[in-house]
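**Q** Please read through the structure below; I'll follow up with questions.
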Amino acid sequence: MIHRKHAGRMPALQPAKVDAVELYDHRTDPQENVNIANDPKNAALVERLTEQWMKGVNARGR
């Protein structure tokens, strides 16, 4: 909640810093034991999912 005394003086949202990326195949690894995000064959998928996530973050942040 933004109170009137802060209205118009809130800092702009900064891009989120992502320290780690996790991706799991729930069909073959339902317990999420093996992170497949760093596997080069998943690079395009990780990029696409990251872009979708950022679009959602930006849409809610406006």
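Taking our numbering, the leading residue of the sequence shown gets 12, the next gets one more, and so forth. The beta carbon of each residue, even a glycine, is placed where N, CA and C say it ideally should be.
Is it the case that the Cβ atoms of Ala48 and Val57 are separated by a distance below 8 Å?
**A** Here the question's residue 48 lines up with position 37 in the sequence shown. Here the question's residue 57 lines up with position 46 in the sequence shown. Yes.
**Q** For Arg59, which option in Leu34, Asn44, Arg38 has the closest C-alpha, if you only look at C-alpha atoms?
**A** Counting from one through the sequence shown, the residue named residue 59 turns up at place 48. Cα-wise, what sits closest to Arg59 is Leu34.
**Q** Measuring only the C-alpha atoms, how far is Lys28 from Asp36?
**A** Position 17 of the sequence shown, counted from the first residue, corresponds to residue 28. Position 25 of the sequence shown, counted from the first residue, corresponds to residue 36. Going from the Cα of Lys28 to the Cα of Asp36 covers about 24 Å.
**Q** Name the residue from Lys66, Val68, Thr61 whose alpha carbon lies nearest to the alpha carbon of Ala31.
**A** The residue labelled residue 31 in the question sits at position 20 within the sequence shown. Out of Lys66, Val68, Thr61, Thr61 has the C-alpha closest to the C-alpha of Ala31.
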